[in-house]
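Asks:
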Amino acid sequence: MYQDLNSHHYNFLDSDICINLDFDKTTTLDGYEIRLNAIEMEPFVKVNLSLPKLQRFRGDNSEIIQILLVKLQAHLIVYYDNATTYSLGGIGPNGTFEGLMAPVSDGRIDVAMNTRALLALWKVRYIYPHTRSGLCVIAQPKKALSEFIKIITFLSPEVMVGVIAICLFTYVIFTQIVGYIKAGLEVIRLMICVGILYSPKLDSTRIFICMVLILFLNINALFQSHLSSLLTKPVFYRDIDTIKSLREAGYTLYGPGIFNETISDPVLQSRYKVVSYKDCKEHVENSSTAVCVGDCYHLYYRIKGQDLIRSRMLREVIQSYVTREDWPLYQRVNDIIQQMMQAGLITKSRDEVLSEIKRERNRRIALRKKTYNVMLLRQLAFSFYILGFGYACAIIIFALEMTVGGSDPVCQNWKAIGQREKEKREKLERTVNSRRYLGIKKPI
Numbered sequence: 003m004y005q006d007l008n009s010h011h012y013n014f015l016d017s018d019i020c021i022n023l024d025f026d027k028t029t030t031l032d033g034y035e036i037r038l039n040a041i042e043m044e045p046f047v048k049v050n051l052s053l054p055k056l057q058r059f060r061g062d063n064s065e066i067i068q069i070l071l072v073k074l075q076a077h078l079i080v081y082y083d084n085a086t087t088y089s090l091g092g093i094g095p096n097g098t099f100e101g102l103m104a105p106v107s108d109g110r111i112d113v114a115m116n117t118r119a120l121l122a123l124w125k126v127r128y129i130y131p132h133t134r135s136g137l138c139v140i141a142q143p144k145k146a147l148s149e150f151i152k153i154i155t156f157l158s159p160e161v162m163v164g165v166i167a168i169c170l171f172t173y174v175i176f177t178q179i180v181g182y183i184k185a186g187l188e189v190i191r192l193m194i195c196v197g198i199l200y201s202p203k204l205d206s207t208r209i210f211i212c213m214v215l216i217l218f219l220n221i222n223a224l225f226q227s228h229l230s231s232l233l234t235k236p237v238f239y240r241d242i243d244t245i246k247s248l249r250e251a252g253y254t255l256y257g258p259g260i261f262n263e264t265i266s267d268p269v270l271q272s273r274y275k276v277v278s279y280k281d282c283k284e285h286v287e288n289s290s291t292a293v294c295v296g297d298c299y300h301l302y303y304r305i306k307g308q309d310l311i312r313s314r315m316l317r318e319v320i321q322s323y324v325t326r327e328d329w330p331l332y333q334r335v336n337d338i339i340q341q342m343m344q345a346g347l348i349t350k351s352r353d354e355v356l357s358e359i360k361r362e363r364n365r366r367i368a369l370r371k372k373t374y375n376v377m378l379l380r381q382l383a384f385s386f387y388i389l390g391f392g393y394a395c396a397i398i399i400f401a402l403e404m405t406v407g408g409s410d411p412v413c414q415n416w417k418a419i420g421q422r423e424k425e426k427r428e429k430l431e432r433t434v435n436s437r438r439y440l441g442i443k444k445p446i
């Protein structure tokens, strides 16, 4: 049954306010009228006015309260407001209730079908809290991370600082042996894991150089194992998943006034702008530094199929139904809600809603997997940039090797080895000749 709110016979100042309440409240309400108001807010309350009567309202919020009151044989009168979810209302700027909370606070409505966050308010009462939700934000997705940033993030900053310190210390050791330029070339040889030309004389220094070589072997293996990520799908950096990241990123928050107190962060509260339901999303679509605050599950439906992202849960919120302050059935309904909560019936209704969301998400993921992800040429071109950079470095190092005479020690080593072999043969011949001269026949 649907009526205009102002046409209801109930008057808050009527002296006969408690008439027609002579019934057994433990069994049935015997058709007693209970007035509810509702507003569509997926997935909690879904409205389809083309369906017959109670089937018009779906979702866990509507189903729980309808099952409870129908089992008590109450006569439900639902006032549906075809407005936005911001019309759920709260405390207005003048300190009074607004939106759908206003008729509940002044007694024109018995209970609101939409659950509300559990807050300390006057002129209304909260039924036993039976469900949980969360506070999230929506924003524009950040630009994909560049390949250069990916390479930098292969290693943590602590590891990079440690590697640089070891390279400098190794360079100092080689400068004491071969000079500044050749020492730099020796460090480069260690980094690319090839043999060095000048080995230290001290055993402790040699052990250190061996440890440095093993270190660079491991780092090179780790670095090369991450190179495959350069050819995967773009990676986006998220900075909206925590209160701290929102504060540090400098976002401006938009949303209803009731969420401003829920954030409980002075910096974010100073950036909070109270706007209408439509303007909240428009600010996000027009600005990369704006976020829209709202209920996590509802925001999932609000941005479905659009190029916007939703944060993780920033803060958990406990929710319950709101009734008028002097509702005579408050205690009875409160006890039944508590029993339903303890029996798991309410959890079952919420699980059905969440399973529907998961099915839609899995269906969307399955459809996306069937499509082909085309790799753009600019994503593939970076690998050739790395190849060209490697060739350029190799040419420069080769030129330095030739310029400073880095290969001379190798030639000198070959000559020294040949000279030692020649001296060894001459010494052997002299020994053999001397033994023959002395008549010694024992072979050498």
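So in the working numbering, the last spot in the sequence shown is 446, and the numbers never skip. Ideal placement from N, C-alpha and C gives every residue a C-beta, glycine not left out.
Taking the alpha carbon of residue 357 as the reference point, which residue from 62, 56, 33, 36 has its own alpha carbon closest?
Replies: Closest option to residue 357, Cα to Cα, is 62.
Asks: Quick one: Cα of residue 267 to Cα of residue 274, how far?
Replies: Whole-angstrom Cα-Cα distance: 10 Å.
Asks: Please state whether the Cβ-Cβ distance between residue 303 and residue 143 is less than 8 Å.
Replies: No, these two residues do not count as a Cβ contact at 8 Å.
Asks: So, are the CB atoms of residue 179 and residue 200 less than 8 Å apart?
Replies: Yes, they are a contact pair.
Asks: For residue 91 and residue 100, which I take to be in contact (beta-carbon distance under 8 Å), what is that distance rounded to the nearest angstrom?
Replies: About 5 Å separates the two Cβ atoms, so the contact holds.
Asks: Just the Cα atoms here: how many angstroms apart are residue 270 and residue 120?
Replies: Approximately 21 Å, taken between the alpha carbons.
Asks: In this structure, does DSSP put residue 203 in helix, strand or coil?
Replies: Reduced to three states, the DSSP call for residue 203 is coil.
Asks: If we call anything under 8 Å between Cβ atoms a contact, is residue 351 one with residue 65?
Replies: Closer than 8 Å, so yes.
Asks: Determine the direct distance from the alpha carbon of residue 152 to that of residue 336, and round the result to whole angstroms.
Replies: Looking at the two C-alpha atoms, the distance is approximately 55 Å.
Asks: Go ahead and label residue 68 buried or exposed: buried means 16 or more other beta carbons lie within 10 angstroms of its beta carbon, across all protein chains shown.
Replies: Buried: at least 16 other Cβ atoms inside 10 Å.
Asks: Please identify the residue among 131, 79, 139 whose C-alpha is closest to the C-alpha of residue 297.
Replies: Minimum Cα distance to residue 297 is reached at 139.
Asks: Does DSSP classify residue 282 as helix, strand or coil?
Replies: DSSP places residue 282 in helix when its eight states are reduced to three.
Asks: DSSP three-state label for residue 394, please.
Replies: Helix.
Asks: Just to confirm, is the Cβ distance from residue 278 to residue 130 under 8 Å?
Replies: Against a cut-off of 8 Å, the Cβ pair of residue 130 and residue 278 comes out as no contact.
Asks: So, helix, strand or coil for residue 46, using DSSP?
Replies: In this structure, residue 46 counts as coil in the three-state DSSP scheme.
Asks: Under 8 Å by Cβ, that's how I've got residue 118 and residue 324 pegged, so tell me the actual separation to the nearest angstrom.
Replies: Yes, they are in contact, since the Cβ atoms of residue 118 and residue 324 sit about 5 Å apart, within 8 Å.
Asks: Tell me whether residue 401 is buried or exposed, calling it buried when 16 or more other Cβ atoms sit within 10 Å of its Cβ.
Replies: So residue 401 ends up on the exposed side.
Asks: Output needed for residue 189: all residues of its chain with C-beta closer than 7 Å, excluding positions within five of it in sequence on either side, in chain order.
Replies: Hits under 7 Å: 169, 172, 173, 176.
Asks: When you compare only the Cα positions, how much space is there between residue 254 and residue 136?
Replies: So the alpha carbons of these two residues sit roughly 20 Å apart.
Asks: Measuring CA to CA, which of 405, 283, 218, 249 is closest to residue 195?
Replies: With distances taken between Cα atoms, residue 195 lies closest to 218.
Asks: Below 8 Å, how does it come out for the stretch 151-167 and the stretch 220-231: are there three or more Cβ pairs, yes or no?
Replies: A contact exists between the stretch 151-167 and the stretch 220-231.
Asks: My understanding is that residue 312 touches residue 301, with C-beta atoms under 8 Å, so please give their C-beta distance in whole angstroms.
Replies: Indeed they touch by this definition, with Cβ atoms about 5 Å apart.
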